[in-house]
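Colleague:
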Amino acid sequence: MKRKGKKTKKILIIDDEENVRLLYQEELQDEGYEVIVASNGQEGLEKFNHHKPDLITLDIHMVGINGLETLRLIRERSRNIPVILCTAYGEYKQDFRSWGSDAYIVKSSDLNELLTKVKEILR
Amino acid sequence: MSMAQRTTSEILSGMIEIANSSLDSARRVKLLMDYLTENWGVDVCALYTLTSEKIHLKLWVQNEGGTLDSERVYPVGEGLIGKAALDKKPIIIRNTVQADATFSALLSEYRGYSSLAFIPLMDDQFLYGILTLMDRSGAQWDEEKLITFSVVAKGLTGAVRNLQLIEDNKRAITTCERSTGEKEAIVKELSLLYELSQALMTTIKLDDLFHITLSAATMGKGLGFNRAMLFLVNESKKTIEGKMGVGPDSSEEAGKVWKELSENGKDFLDWVKSQRRWKTGKVFSLVDRTVREIKIPLREENGLLAQAVMHEKTFIVADPFQDPTIAQRIFSKIPAAPYALVPICGKKATIGVIMIDNLFNKKPITDYDLRLLTMLANQAGLAIENSRLYENLEIMNEELRIAQEKLIQNEKFATLGMMSSVVVHEIKNPLVAIGGFARRLEKSSANPTEKSYSKIIVKEVERLEKTLTDILIFSKEPKLDFQENNLNQILEYTLTLMSENLDDNGVQVEKSLSPALPSIYCDSQQIKQVFINLFYNAMETMEEGGGTLMVKTYPVWEDNSVVIEVIDTGKGIPPEVLNNIFNPFFTTRDKGVGLGLSIVQKIISYHKGIIEARNNLERGVTFTIRLPIHRNGMPSVQSEKGGRR
């Protein structure tokens, strides 16, 4: 499903759950995106600086620098990079805009919602 | 004294003749006095008798021309008459001028008389009176004359004794007759009181007590007033409020009701017992409706109703328009009549007022009526107070029960919440991975067995995820994010999200979404959750052989609301559990924790909406959600700090 003639969009996945990361990576690659992964906030920031992705999916609950702190640090570097918060919890979804993210997704084994959001944002 | 003097025996025979005549006794004694005056040649001949209390002597009868003061009363012992009575001995004064010094002080009232005689009328036991003889002529009374006096006195004693006996009898008979009347009244009061207290004991419900009281006031077997109204004090609001009115609205109706009651001939108590249910047409008569509308602050200036309570006072009011409040609040709506107000007394204070009148038969309201009514009011007061105490107890019990239930629920949720926060991260992430890869496997595998096994994993993971989501939602009070949203869009979006799932379960989707549906303020995520839960519900109820999921939206402008209907063609809900389906942890399935519909209801109530479920005529269930269009009473929109789109 590679899109020919168009510049492939780059997505950075920051999640400390290895298998979730792998799942997201494979699904997004299947959709034709270039995927970079990071297993914690620190690594995520480094890869953000290095790879200049078009979109970031960001887990909130992570050991070390957590998702929200990571988001704040990302926003210090770029106000425009779209960030989708992905988490196991539904309870923060009211606040995602005030935190400076663009979307909020409750993690699910059904990735439809994530893929739809990604497509919508990168259109 | 010109008459020829007669012999003693002649006088006696004349006396006996008079005594045996057929005249009434008073008349005979009067004739005797005249006869003796004439034949004894005295000026006054009189008879004093003892009054009923036996301590006074009063003139009973004297001869024609006698000059004694008929009003003068002599206590026994006072004056010559009293002295003769006290000593039970005759006093004879043959010559007042030469009288004994002991009498001189007592003689002043008999000035002008030369001879006096005071002869007690007595038998061997009792004194009955004093025969008094007075003479001015100065003629000396000889011994023979004195003997005739004493013989006549003996004869008179018998006569007076008989007369007194007759009088006593007569008096006794009158007393007896009077007390029979009184006794009848007392018996009536007692039996009324008894029946009423019995009747009031048949129930603890306030409304029933009102009805019994007012029926007792109006029924012929009771007090028989034409109309009766009951008002109670509202302690917290400091008002007196109409509770119930009983009475026919017209004289035709009155006639009918009275005829009915007299024909069935029941006692009041029997009648009460036969009226297990009080919901009769009469309860809502015009009188009743008028009374129920009345609420008057308990202030002096608000007239007799307030005053009857404040001063615990009874009023009989002849002019129905005398009290402006009653005239305006009651008699502007129902025909006016003279009325009475009687306070209903509780143990400590006046708790209300009964008002009665006799509009139709125009009978005057008597003191006796009021006495009965007061009795009735007192009984009713006690019963009403008891009932209120009982009611308070019940309310408190219910509050306690609810508080306890809430406590248990809160405990449950707190546990759930704690558990979920800790556990969810550790369960959800692996589930996402398992389910996600199973989906990939299902898609990519060419092996049908592998494919179907993968599908099973996918479904089971989905179920676990759903349960986790439900628990999470339910255990947290959500922060709502109200925005202007179009419900049709949220519906479409949710249906798209679930389309695969619905397809797999053989569920056809039909939509009838009104294009005129206005936007409403709602939390789109929460509303989405509502639809997800309802669709899951529909899907599960149609899991055998699929079915049709119908989604409808339309505005209801009259109510300023929008309606969403979610209709399935599944198994339906057993009627006996229809009331429970929104309770948390209630489930009819072996799957799930029973939170889905409870969450739905919770979210809808956050939106000030309502949700109802009913079984369809043919099959399946319709869930109807009503949400208000306007934001009235809803939390204000949270500011969109940092929103950049």
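Chains as they are written, first to last, in our numbering: chain U, 1 to 123; chain G, 1001 to 1645. From the three backbone atoms N, C-alpha and C, an ideal C-beta is built for every residue, glycine too.
Determine the closest residue to I1561/G out of Q1409/G, I1625/G, D1087/G, with distance taken between C-alpha atoms.
Modeller: The question names Ile, but residue 1561/G in the sequence shown is Ser. Closest option to S1561/G, Cα to Cα, is I1625/G.
Colleague: Given this structure, state the Cα-to-Cα distance separating A1349/G from G1181/G, to the nearest angstrom.
Modeller: Cα to Cα, the separation comes out at about 34 Å.
Colleague: Suppose only complete runs of 4+ residues qualify. What are the alpha helix (DSSP H) ranges in the stretch 1042 to 1114 of chain G, listed by chain order?
Modeller: Segments of the alpha helix (DSSP H) lying fully in the stretch 1042 to 1114 of chain G: 1079 to 1087, 1101 to 1104.
Colleague: If contact is defined by three or more beta carbon pairs under 8 Å, each pair taking one atom from either stretch, is the stretch 1190 to 1199 of chain G in contact with the stretch 1058 to 1068 of chain G?
Modeller: In short, these stretches do not touch, since the Cβ pair count stays below three.
Colleague: Can you give me the C-alpha to C-alpha distance between I1173/G and S1179/G, rounded to a whole angstrom?
Modeller: Approximately 10 Å, taken between the alpha carbons.
Colleague: Excluding the five sequence neighbours on either side, which residues of its own chain have a C-beta within less than 7 Å of the C-beta of D16/U, listed in chain order?
Modeller: Hits under 7 Å: S39, N40, D59, M62, V63.
Colleague: Examine chain A for any beta-carbon lying closer than 7 Å to the beta-carbon of A88/U, and answer yes or no.
Modeller: Protein chains U and G are contained in the structure displayed, whereas chain A is not.
Colleague: Are there 16 or more other CB atoms within 10 angstroms of the CB of R21/U, so buried, or fewer, so exposed?
Modeller: Buried.
Colleague: Taking just the CA atoms, how far does E1235/G sit from A1217/G?
Modeller: Distance between the alpha carbons of A1217/G and E1235/G: 25 Å.
Colleague: Find the nearest neighbour of F1126/G within the set A1101/G, V1152/G, R1161/G, judged by alpha-carbon distance.
Modeller: Of A1101/G, V1152/G, R1161/G, the residue nearest in Cα terms is R1161/G.
Colleague: What are the residues in the stretch 1431 to 1447 of chain G lying within 8 Å of chain U by C-beta distance?
Modeller: Those residues of the stretch 1431 to 1447 of chain G that come within reach of chain U (Cβ to Cβ, closer than 8 Å) are L1431, V1432, A1433, I1434, G1435, G1436, F1437, A1438, R1439, R1440.
Colleague: Could you check if M1229/G is buried or exposed, using at least 16 other CB atoms within 10 Å of its CB as the buried criterion?
Modeller: So M1229/G counts as buried.
Colleague: Got a sec: does the ligand COA put a non-hydrogen atom nearer than 6 Å to the Cβ of P82/U?
Modeller: Inclusion of the ligand COA in the displayed structure is not the case, the ligand content being empty and no account of it being possible.
Colleague: Tell me which same chain residues have a C-beta within less than 7 Å of the C-beta of G100/U, skipping the five on either side of it?
Modeller: Here the set comprises L71, R75.
Colleague: Taking 7 Å as the CB-CB cut-off, is N40/U touching chain G?
Modeller: It does not; no Cβ of chain G falls within 7 Å.
Colleague: To the nearest angstrom, how far is the alpha carbon of L85/U from that of N66/U?
Modeller: Taking the straight line joining both Cα atoms gives about 12 Å.
Colleague: I need the boundaries of the beta strand (DSSP E) containing Q1508/G, first residue and last residue.
Modeller: 1507 to 1513 is the extent of the beta strand (DSSP E) around Q1508/G.
Colleague: Would DSSP call Q25/U helix, strand or coil?
Modeller: Of the three classes helix, strand and coil, the one that applies to Q25/U here is helix, per DSSP.
Colleague: Measuring straight from C-alpha to C-alpha, what distance separates I1091/G and A1101/G?
Modeller: Each residue's alpha carbon lies about 14 Å from the other.
Colleague: Around the C-beta of R1646/G, are 16 or more other C-beta atoms found within 10 angstroms, so that it is buried, or is it exposed?
Modeller: This structure leaves residue 1646/G out entirely; chain G is present only between 1001 and 1645.
Colleague: I need the boundaries of the beta strand (DSSP E) containing I14/U, first residue and last residue.
Modeller: First-last of the beta strand (DSSP E) with I14/U: 10 to 14.
Colleague: Would you kindly check if the distance between the Cβ of T1494/G and the Cβ of F1531/G is under 7 Å?
Modeller: Yes.
Colleague: Can you name the residues of chain G whose CB is closer than 7 Å to the CB of N112/U?
Modeller: Simply L1497.
Colleague: Flag this pair as yes or no: are the beta carbons of G1620/G and D1568/G separated by less than 7 Å?
Modeller: Yes.
Colleague: Between I1611/G, N1039/G, K1295/G, which has its C-alpha nearest V1566/G's C-alpha?
Modeller: The option with the nearest alpha carbon to V1566/G is I1611/G.
Colleague: Can you tell me which residues form a DSSP beta bridge with E1612/G?
Modeller: Paired residue(s): T1624/G.
Colleague: From which residue to which residue does the alpha helix (DSSP H) around L45/U run?
Modeller: L45/U -> alpha helix (DSSP H) spans 41 to 51.
Colleague: What does the alpha-carbon distance come out to for the pair W1557/G and T1314/G?
Modeller: In a straight line, the C-alpha of W1557/G is about 55 Å away from that of T1314/G.
Colleague: For K1282/G, which residues from the same chain have a beta carbon less than 7 Å from its beta carbon, with the 5 sequence-adjacent residues on both sides left out?
Modeller: The predicted model places K1282/G with a pLDDT of 44, which falls under 50 and marks its position as unreliable; any figure quoted below should be read in that light. Counting only Cβ-Cβ distances below 7 Å, and skipping sequence neighbours, we find V1246.
Colleague: Under 6 Å Cβ to Cβ from E124/U, same chain only, skipping five residues before and after it: list those, please.
Modeller: Residue 124/U cannot be examined here, being either before or after the span of chain U that is shown, 1 to 123.
Colleague: List, from N- to C-terminal side, the beta strand (DSSP E) runs of 3 residues or more that fit wholly inside the stretch 1181 to 1260 of chain G.
Modeller: Runs found: 1227 to 1234, 1239 to 1246.
Colleague: Sorted by chain position, which residues of the same chain lie with C-beta nearer than 6 Å to Q1508/G's C-beta, five sequence neighbours on each side aside?
Modeller: These residues qualify, in order along the chain: T1548.
Colleague: Going along chain U in order, which residues have a C-beta closer than 8 Å to the C-beta of E1462/G?
Modeller: The contacting residues are S109, D110.
Colleague: Can you give me the Cβ contacts of G1014/G inside the same chain, cut-off strictly under 8 Å, excluding the 5 residues immediately before and after it?
Modeller: Cβ within range, chain order: R1006, Y1035, N1039.
Colleague: When DSSP labels each residue in this structure, what does M1122/G get in the three-state scheme?
Modeller: The answer is strand: DSSP assigns M1122/G an E or B state.
Colleague: So is F96/U buried or exposed if we call it buried at 16+ other beta carbons inside 10 Å?
Modeller: With 16 or more other Cβ atoms within 10 Å, it is buried.
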